[in-house]
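Worksheet: one structure, shown below.
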Amino acid sequence: MADYYFHLDQLTVGYNGKPLISDIEIGIKRGEIVTLIGPNGAGKSTILKSISRQLEIIGGRVEFDGTEIREYSYKDLSCKMAVVLTERLKPELMTCHDVVATGRYPYTGRLGILSEEDEQKVENAMKAVHAEELGGRDFNAISDGQRQRVLLARAICQEPDIILLDEPTSFLDIRHKLELLAILRNMAKASNITVIMSLHEIDLAMKISDRILCIKGDHIFKEGTPDEVFEENLIRELYSIDNGFFDPLFGSIELPRPKGEAKTLVLSSGGTGILVYRQLQKQNIPFIAGVLYQNDIDYQLARLLAAEVIVEKPFMPISETVKQKALEAVRACDRVINAGVTIGESNAAMKEILSLAEQEGKLETIGS
Amino acid sequence: MRCLLVFAILIAAVFIILILNINTGNVHISVGRIFEILFTGNGNKDEVNIIWKIRLPRIIMGALLGGALALSGFLLQTFFENPIAGPFVLGISSGAKMVVAVMMIVYIQRFGRVSSWALIIAAFVGALISTGFILLVSRTVKNMSALLVAGIMIGYICSAATEFLITFAQDSDIVNLHGWSQGSFSGMNWSNVQITAIIVGVTFVLTFMMSKPISAFQLGEAYAQSMGVNVKRFRVCLILLSSILSATVTAFAGPISFVGIAVPFLIKRMLNTAKPLVVIPATFLGGAVFCMGCDLIARMAFAPTELNISTVTSVFGAPIVIFMLVRRQKSR
């Protein structure tokens, strides 16, 4: 255990002495990105506030670089730890440069006057987040995305070993989300800065994090690498999802499949079905997807959206049973949509299925 | 550059108003003679007396107390993260006034007179009592307007208590109390000036030394702490300093309204920055100019009748506060 850089040891956190989450246990190495996920109000912020000493720790220890966090003086801690908080700042008459420069606070003298070197570091931090052109602008007059970058620059020029961020991607559009996370990853990997943050976007959390901490109720629901954590059922349980899906493979989120008896059959292969599935999903039409090989990309989505999937094992000719099932489906359905099936040797049976649909006058071909 | 200009203007304004103040009054004394009397000491005996015994202590007192008041307002605004906070609005001046009234009535009845120090300490205690109440309320009420209403109510309660005391006090005490409780710079002497200069001077230096944590606090409590500020200790320091400042003012000149809000606001707009390093000295100078100017108007507008200083500061200060509120709404 001793080789962990940041170690939450049987930590209990909460407000006003009332424990909210207990027995938090995680060891973090230097340069790792750790993300807290969990439903709203689960206590992600509470944990972040407790390990940054804004809240009294109720029980257990937070070991940081070999020292219990409460043994640091505020000043020493400020040279090692920076925060980006979720509360919206409205400073009076401060330019972005002024806001970033507050990051140098622990290093300036009695009156807080910036040296040449400090100015240089402020400049560099602004550059690191691509905000150098914002320097002279009023902090209250910039967009949310810019504001978040400026606050990150502030944290960077504090030259911390660890940065804590509370929902840094809230209020940001997709481009700025990606940009921000890319900056964080770069920081963690290039400068060996440890990042602990909370995120709402589990898909992004999965892609950026080295470790994930799932919080639910009064305990840690699960802790581990993204591979360990992002398992469909676990995520569904964590967020108590009873309608909709999370696809752990691509980290995508899907709405629940349409209910009712499926009267539409979609035939596709190699990704041609995806657009059709989504279209039907939006129109709330239940459908059957077929005949898909398990390694077909269409299969990954059909699994989540289709009322039924007619499947065959990869690289095998379509078996008689599967073919019969498909023909059955053609007869039962009112519409058969050919979303663009590539027919080769192994799936030659598709010809037969398509021609039955043709005969019955149910076939609609897309893209022809 | 802009800062230098603002400071130059403020310092020039201090001198101009200073001279103007000494110059005007029932007895008009020309500028040339003022310099003669101030620097060489010889001149008409009456004029020397008027300048040295009446006008100069009064004007210096006005400058010191005005600066103190404005600075106290700035500190409270920092503390409550709220630009409308000030010693008068939050009922701190009224609290100080109440305890001073008790002191004056009870003390004078028993001992005949009260020393300046006793008055200051009484005012300080009163200021802390009011501040304590505000803090108590602010623990549960985070909303800015609710906090202000609480402050105004505390002000009314303290005023009611003071009125109550006055109703049952003896006539001779009331005469004393009445003029004072309305706020005025009249009747200041050099020993008052000396005491005030020491207290305000020391507090000013301490405040100036705190400009670094104050600047951190402008980003909010949580960020300040993450920058290494011991927030608890810092808050105690802020409250003590601002209470000392407003208590000193109240002890000598009674409650004076709106200076604490209007001056820091105007100064920040003039400087176009909120950096405490420049705002603190500029606010002090601005407060001095504002109060000296208001005192001049109080003395001269309906001469020989003098107005209360608070009447004049309200006339100029209150519209500025309304303007601030309107602007805040707009920028939202």
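The listed protein sequences derive, respectively, from chains A and B. Using our numbering, the final residue of the first sequence is 368, and nothing's skipped along the way. Using our numbering, the final residue of the second sequence is 700, and nothing's skipped along the way. The beta-carbon is built from N, C-alpha and C at its ideal position, and this holds for glycine as well. Bear in mind that the values here come from a model prediction, so they are computed numbers and not experimental data.
According to DSSP, what are the bridge partners of residue i?
i	result
T95 (chain A)	A:D138
I288 (chain A)	A:L265 and A:E308
N338 (chain A)	A:L267 and A:T365
Y15 (chain A)	A:K18
M369 (chain B)	Answer is none; M369 (chain B) lacks a bridge partner.
L164 (chain A)	A:V83 and A:I196
D9 (chain A)	A:R61
S523 (chain B)	The question names Ser, yet the displayed sequence has Gly at residue 523 (chain B). Its beta-bridge partners do not exist; DSSP assigns none.
H219 (chain A)	A:K216
V34 (chain A)	A:I196 and A:R211
Go to residue i, then tell me how far its alpha helix (DSSP H) extends in each direction, as first and last residue.
i	result
D227 (chain A)	P226 to V229
S191 (chain A)	I174 to S191
V467 (chain B)	I460 to V470
C214 (chain A)	Note, C214 (chain A): premise wrong, no alpha helix (DSSP H); beta strand (DSSP E) at R211 to K216.
F407 (chain B)	V399 to T408
V330 (chain A)	E320 to A332
D144 (chain A)	D144 to C157
E254 (chain A)	Segment S252 to E254 is the beta strand (DSSP E) holding E254 (chain A); no alpha helix (DSSP H) there.
F456 (chain B)	Here F456 (chain B) belongs to no alpha helix (DSSP H), and DSSP marks it neither H nor E.
L234 (chain A)	E232 to L238
V493 (chain B)	S484 to T508
F442 (chain B)	L424 to F448
V599 (chain B)	V599 to A621
Rounded C-beta distance between residue i and residue j? I'm assuming under 8 angstroms.
i	j	result
V474 (chain B)	A490 (chain B)	Actually they are not in contact, since the Cβ atoms of V474 (chain B) and A490 (chain B) sit about 10 angstroms apart, beyond 8 angstroms.
V195 (chain A)	V150 (chain A)	So it is not a contact: roughly 18 angstroms between Cβ atoms.
L443 (chain B)	I502 (chain B)	Contact doesn't hold; Cβ gap of about 13 angstroms is too wide.
I163 (chain A)	V84 (chain A)	7 angstroms
A621 (chain B)	I665 (chain B)	Between I665 (chain B) and A621 (chain B) the Cβ distance is about 15 angstroms, and since that is not below 8 angstroms, they are no contact.
V631 (chain B)	T651 (chain B)	6 angstroms
I390 (chain B)	I402 (chain B)	5 angstroms
A436 (chain B)	V617 (chain B)	5 angstroms
Within 7 angstroms of any Cβ in chain E, is that where the Cβ of residue i sits?
i	result
M595 (chain B)	In the structure shown, chain E cannot be found, because the protein chains are A and B.
Please confirm if residue i has its CB atom under 7 angstroms from at least one CB of chain B.
i	result
G194 (chain A)	Residue 194 (chain A) is actually Thr in this sequence, not Gly. Chain B, which has no Cβ nearer than 7 angstroms to the Cβ of T194 (chain A), makes this no.
M1 (chain A)	Here the model assigns M1 (chain A) a pLDDT of 45, short of 50, so the residue's position is not dependable, and the following value carries that caveat. No, no contact with chain B.
E228 (chain A)	no
Y107 (chain A)	no
Q54 (chain A)	yes
V83 (chain A)	yes
T102 (chain A)	yes
G43 (chain A)	no
K75 (chain A)	yes
S78 (chain A)	yes
S115 (chain A)	no
P160 (chain A)	no
G112 (chain A)	yes
P168 (chain A)	no
E71 (chain A)	no
Answer with buried or exposed for residue i, where buried requires no fewer than 16 other C-beta atoms within 10 angstroms of its C-beta.
i	result
T408 (chain B)	exposed
E87 (chain A)	exposed
Y524 (chain B)	exposed
M521 (chain B)	exposed
M1 (chain A)	A caution first: M1 (chain A) carries a pLDDT of 45, below 50, which makes its placement in the model too unreliable to give a value.
H7 (chain A)	buried
V694 (chain B)	exposed
M578 (chain B)	buried
A131 (chain A)	buried
M126 (chain A)	buried
P687 (chain B)	exposed
Between residue i and chain A, is there a C-beta pair that is closer than 7 angstroms?
i	result
A590 (chain B)	yes
A469 (chain B)	no
R696 (chain B)	no
T641 (chain B)	yes
A584 (chain B)	yes
K600 (chain B)	no
L587 (chain B)	yes
S440 (chain B)	no
Between which two residues does the beta strand (DSSP E) harbouring residue i extend?
i	result
G59 (chain A)	G59 to F64
I665 (chain B)	No beta strand (DSSP E) holds I665 (chain B); the alpha helix (DSSP H) holding it covers P644 to M668.
L280 (chain A)	Element bounds for L280 (chain A): not the beta strand (DSSP E) but the alpha helix (DSSP H), G273 to K282.
L574 (chain B)	Element bounds for L574 (chain B): not the beta strand (DSSP E) but the alpha helix (DSSP H), W558 to M577.
F245 (chain A)	F245 to D247
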